[in-house]
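Participant:
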Amino acid sequence: MSALTTVSPSTVNNASSAPAGTVQGAAALMVLRKSMDLQAAGAMQLIQSLPQAPALATSGQLGTQLNVYA
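Count along the sequence shown from 1, add 1439, and you get the number used in the working numbering.
1) Using a Cβ-Cβ cut-off of 6 Å (strictly less than) and excluding sequence neighbours within five positions of A1459, which residues of its own chain qualify?
2) For the putative contact between T1450 and S1474, defined by C-beta atoms under 8 Å, what is the C-beta separation to the nearest angstrom?
3) Considering only residues of the same chain and omitting the five flanking positions on each side of Q1491, which have a CB-CB separation below 7 Å?
4) So, for V1470: in the same chain, excluding its five sequence neighbours on each side, which residues have a beta-carbon less than 8 Å away from its beta-carbon?
5) From A1494 to G1481, what distance separates their C-alpha atoms?
6) Where L1485 and V1446 are concerned, what is the direct C-alpha to C-alpha distance, given to the nearest angstrom?
Structure (structure tokens):
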């Protein structure tokens, strides 16, 4: 499992201070978007690695009237 990384402040600063409509500006925004995509993929991987909740009781006398998790 990969570690969750955050978008660095310098990446955000570069993207926000790059001149709009220039190659530099487009490249800075592409780097920012790629960083955010990688961060989202890492977060999704962490969420998917969480264990599933146990199945709730559907029959019998125990656990069918009120389900409580401690």
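Note that beta-carbon positions come from the ideal geometry of N, C-alpha and C, so glycine has one too.
Facilitator: In terms of the structure at hand:
1) none
2) 5 Å
3) none
4) Contacts found: T1450, N1453, A1454.
5) 27 Å
6) 17 Å
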